[in-house]
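Notes for the one structure printed next.
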Amino acid sequence: MPIVSYKEKLVNSLKPVIDVVISGWGSYIPIYRISVEEIARIWGKSPKHFREELLIDEKAVAGLDEDVATISVESAKNAIQRAGLNPKQLGAVFVGTESKPYAVKPTGTIVAEAIGATPRILSADFEFACKAGTECLQCCVALVGSGMINYGLAIGADTAQGAPSDPLEYSAGCGGTALIVGRKTHEKEPVALLEGSVSYVTDTPDFWRRPKRDYPSHAEAFTGEPAYFNHVISATKLLMEELSLKPSDFQYVVFHQPNGKFPLKAAKLLGFKKEQVEPGLLVPYIGNLYAGSSLTGLSAILDIARPGDRVLLTSFGSGAGSDSFSFVVQDGIISKRDRAPKVMDYIKRKRNIDYALYCKFRRKIVF
Amino acid sequence: MSVPRYWREIPQRTRLEGQKCGCCGTVNYPPRARCLKCGSTSLEQYRLPEKGSLISFTIVRNPPLGFERNAPYALGLIELEDGTRITAQITDVELDDLRIGMPVESVFRKVSEDGDAGIIRYAIKFRPTFCNP
Amino acid sequence: MRKVAIISYGLTKVDKHWNKSLRELFGEAAKKALNEIEIPSIDAIIVGNMCASDLSDQNNIGSILADYIGAIPTTAYRVESACGSGGAALLSGFTSVASGMFDIVMVGGVEKLTDGIGKETTYSLGKAADAEYELFYGSSFVSLNALMMNRYMHVYKTPREAFADFAVLMHKNGAKNPYAQLPFEISRETVLNSETIADPIKLYDCAPVGDGAAVVILCPLEDAPKYSDTFVEICGISGATDTINVSSREDLLSLKSTVTAGMKAYKMAKMSPADIDVAEIHDTFTIMAALSLEDLGFAEKGKFDKMMNEGTFEPGGIVSVNPSGGLKSRGHPVGATGIYQAAEISMQLMERADKMQVPNAEVGLIQNIGGSGSNTYVAIMRRCR
Chain A
182 MPIVSYKEKL VNSLKPVIDV VISGWGSYIP IYRISVEEIA RIWGKSPKHF
232 REELLIDEKA VAGLDEDVAT ISVESAKNAI QRAGLNPKQL GAVFVGTESK
282 PYAVKPTGTI VAEAIGATPR ILSADFEFAC KAGTECLQCC VALVGSGMIN
332 YGLAIGADTA QGAPSDPLEY SAGCGGTALI VGRKTHEKEP VALLEGSVSY
382 VTDTPDFWRR PKRDYPSHAE AFTGEPAYFN HVISATKLLM EELSLKPSDF
432 QYVVFHQPNG KFPLKAAKLL GFKKEQVEPG LLVPYIGNLY AGSSLTGLSA
482 ILDIARPGDR VLLTSFGSGA GSDSFSFVVQ DGIISKRDRA PKVMDYIKRK
532 RNIDYALYCK FRRKIVF
Chain B
110 MSVPRYWREI PQRTRLEGQK CGCCGTVNYP PRARCLKCGS TSLEQYRLPE
160 KGSLISFTIV RNPPLGFERN APYALGLIEL EDGTRITAQI TDVELDDLRI
210 GMPVESVFRK VSEDGDAGII RYAIKFRPTF CNP
Chain C
29 MRKVAIISYG LTKVDKHWNK SLRELFGEAA KKALNEIEIP SIDAIIVGNM
79 CASDLSDQNN IGSILADYIG AIPTTAYRVE SACGSGGAAL LSGFTSVASG
129 MFDIVMVGGV EKLTDGIGKE TTYSLGKAAD AEYELFYGSS FVSLNALMMN
179 RYMHVYKTPR EAFADFAVLM HKNGAKNPYA QLPFEISRET VLNSETIADP
229 IKLYDCAPVG DGAAVVILCP LEDAPKYSDT FVEICGISGA TDTINVSSRE
279 DLLSLKSTVT AGMKAYKMAK MSPADIDVAE IHDTFTIMAA LSLEDLGFAE
329 KGKFDKMMNE GTFEPGGIVS VNPSGGLKSR GHPVGATGIY QAAEISMQLM
379 ERADKMQVPN AEVGLIQNIG GSGSNTYVAI MRRCR
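Taken in sequence, the protein lines are chains A, B and C.
In case it helps, our numbering puts the first sequence at residues 182 to 548.
In case it helps, our numbering puts the second sequence at residues 110 to 242.
In case it helps, our numbering puts the third sequence at residues 29 to 413.
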């Protein structure tokens, strides 16, 4: 049972002093895919469990010339295109990831320079496993909402590696999403209004990676109830309670997607319907994008949502924690939607590869 | 490649920043001290377009030092929408599908790195235009 | 301006000279050139070389070689123009004699490509291209030429075989050249079945990697009879540049540097392409040969294959092209190639070319390119009786 103490309600939901809206959004998914069949073939396993129970068909694989910086740059450019901004208007560029190109040197500066946002910019990389992207979002909301900056760019992107033959190898995918948030009063074509958010965090070591290891370790079944479900459900329940909302108030709900099973189960436990979850459920086609996962689900929803729709977003990051947000879609979404490629455009652009090319691209071949 | 040499050309190689001659209108990319065409020094900063078409290509099968991991890869000559021509790698493409005349668009990608301890070098490459929103 | 003659030449065989150093190769060529003639002194030594700094860890080549051939205190220096270093040295030497500054000048070229191993050598050679905007992206030197070849074939619909046939012609000529690195005949199939290096360029479209040295001795034309029975006059010479980047060229399928250098050399010599009996042109790759022949005025643009079919360039044809076997068969010791060309044309005009001799060769032309066409030197020489 999820551990949610209603008596712990000492703070209200995180609401900025100034109303914050989403001004733009954009994603990027690499062209390459590897199917669960192809991975299973190498390790002598049956793909059935992955396809039918975990609902993963294939995952996106970063090419040899791609990394979190390149994924972030394209996502950011798409978001800027939709927002209709000059990059110099951005006050912050944050990148959330667990597969940084450099252990020490911020990806944020590489992105900020490539998009032309430097030098009057705040920038850093965030790590909180799969919720690093929504961490960036929280901080951008805070900077905009306090009046410190006009626009903030929050990116969640990953090129996570699954250890060979480990179950996570079947789902660890690559891709990312960028969101630009700004002040409601400044925005002529707002995309979505942020109603409020909740962050719910505990020290729960369900999945981790020590510095000298190439691949993460995890506590298998422990990653379920005490980790994913506790935090996702607690954060979401607290958000709905504090905003006085119920599941039927939402058109769409996006949860972090380590596989297809967990978000559908969380939805059921919280009282949401399958139809609210499915439009944002991308993991069957591209795998788990880690820090890009829930944000990319949100991006796919923004690609189709109508003004007035309410959207719930709850991320999950191992270690562990969840950020839960409620957005109400605004009129600006109509004119902005077609300014950049949609998530489905990237999903449809695909080329399947075999395990040998997968090893070459993911640099598993020692030179 | 030295760190300063990489860093200096970041605007040119990742944002396609060149120059336009205030005198004769010629685009100078890479940038120059004096215009290639008329020798004028009144050169203004100019951002090259992001789309164009492939006017020639080759497939590098014997890569130079530092590019061994990447073979085979495609190198192309691209004519951008404003007529400027540029050399760059072509990515996200099946090598057999390369055609002169193919529409291409710029993308920010990794080009090379100095082993696993040195810096990573990024620049613009081109891929087949996939979506015209 | 004084008229200038070549009174003597010396060359080594082009080969992978594992047991000869840069200095030894140059010494061999210099001794051969000096043995032919009796001169009071050498007033200057100008040497072309591209890769010694990278592959032999050696700069200050002028001093090294002046020392080695016992010529100190003569002034000596290197000129560098990538694979056009030889041509640059010749232009430099010509200028120093024509101006009256020096009387007897030794102009040479030397290259030790085998001091580097495989990729080190091609990396060094690659530096002829733009380090920041071509090499940075992983272009090899071959790939830049492949871009031109692919475009040429697309625009002019030239069959692949035409290029193969040029390589075949080079080997046919080179088989008669005792100095050639690859003195054997090949077939069209050899070329077409050889390994693809960078599509569409195959191994047999490319000049081989080798070492060599060549030297010519220049002096004022009026003094030449004093030193030698046989000599030739350099009656036209020039150099010109084009953009370093292939992508920036005004016309991707024309080497403007060759057109310009050629025009200036023809003008100086008061001649036209029709006057040229024999030419040594710069065929690093078969595509370079096609572009060079067209840009020197020996073929109309895009008509390279037609002229090949008509035998225009065969020995004894309208213009005998590369009777030495060219870069493809004689070889391409990069910084020395331009001087090899000068020596080979001198041989032809002095009627000392033996099995390679083109009958009635009165006027010869050399064309030496640096980089992918960014720099060309053209010289026209005429027989003197």
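For glycine and all other residues, C-beta sits at the position ideal for the given N, C-alpha and C.
Under the Cβ criterion (8 Å, minimum of three pairs), the region 462-469 of chain A counts as touching the region 351-358 of chain A.
Between the alpha carbons of A/R487 and A/I515 lies a gap of roughly 8 Å. Shown here, B/A142 sits in coil according to DSSP, grouped into three states, outside any helix or strand. By the rule that beta-carbons nearer than 7 Å mark a contact, A/A264 does not touch chain B. The residue among C/K31, C/I262 and C/C234 with its C-alpha nearest the C-alpha of C/A174 is C/C234.
Residues are counted here when their Cβ sits less than 8 Å from a Cβ of chain C; for the region 156-181 of chain B these are I164, S165, F166, T167, I168, V169, R170, N171, P172, P173, L174, G175, F176 and N179, given in chain order. When rounded, the separation of the alpha-carbon atoms in C/T286 and C/N403 is 8 Å.
Under the Cβ distance rule, B/T196 does not count among the residues neighbouring chain A, no pair being separated by less than 7 Å. Within a 10 Å sphere around the beta-carbon of B/P113 sit fewer than 16 other beta-carbons, which makes this residue exposed. Going by DSSP, A/C355 is part of the beta strand (DSSP E) stretching over C355 to R364. Taken through DSSP and simplified to helix, strand or coil, B/E188 comes out as strand. Contact annotation: in the region 202-216 of chain B, residues whose CB is within less than 8 Å of a CB in chain A are E203 and V216. Inclusion of A/G502 and A/K281 in the CB contact set at 7 Å is not warranted, their separation being larger than that value.
Annotation: Cβ neighbours of B/T123 in chain A (cutoff 8 Å, chain order): E294 and A295. About 6 Å separates the beta carbons of A/V435 and A/I482, which is inside the 8 Å limit, making them a contact pair. Closest in C-alpha terms to A/S398, from the list A/Q342, A/G333 and A/E368, comes A/Q342.
Under the three-state reduction of DSSP, B/L207 is assigned to coil, being neither helix nor strand. Listed along chain A, the residues sitting closer than 7 Å to B/C240 by beta-carbon distance are P522 and D526. The residue from C/A226, C/K298 and C/L393 with its alpha-carbon nearest to that of C/S167 is C/A226. DSSP places A/C320 within a helical segment (H, G or I) once states are collapsed to three. Assigned with DSSP and collapsed to three states, A/I220 falls in helix.
Distance from the CA atom of C/L119 to the CA atom of B/Q198, rounded to whole angstroms, is 37 Å. Ranking C/V349, C/K41 and C/L281 by CA distance to the CA of C/H182 puts C/L281 first. Among the residues of chain B, those whose CB is under 9 Å from the CB of A/F548 are E177 and R178, following chain order. Interface with chain B (7 Å Cβ-Cβ cutoff): C/R188 is excluded. Taking a Cβ-Cβ threshold of 8 Å, none of the residues of chain C is close to B/E222; the smallest such distance is about 12 Å. Secondary structure note for A/G478: its alpha helix (DSSP H) is the uninterrupted segment S474 to L483. A Cβ-Cβ distance of about 4 Å is found for the pair C/G399 and C/A156, placing them in contact under the 8 Å criterion. A/F410 sits in a helix when the DSSP states are folded into three classes. In the structure shown, A/Q262 falls within a helical segment according to DSSP collapsed to helix, strand and coil.
With the rule of 3 Cβ pairs closer than 8 Å, the region 316-330 of chain C does not count as touching the region 360-377 of chain C. Listed in chain order, the alpha helix (DSSP H) elements of length 4 or more contained wholly in the region 273-308 of chain A are 288-296. Of all residues in the region 351-367 of chain C, none has a C-beta nearer than 7 Å to a C-beta of chain B. In the displayed model, C/H360 falls within coil according to three-state DSSP, outside both helix and strand. Across the structure, A/I203 and A/S505 are spaced so that their CA atoms are roughly 15 Å apart. Residue environment for A/K517: buried (at least 16 other C-beta atoms within 10 angstroms of its C-beta).
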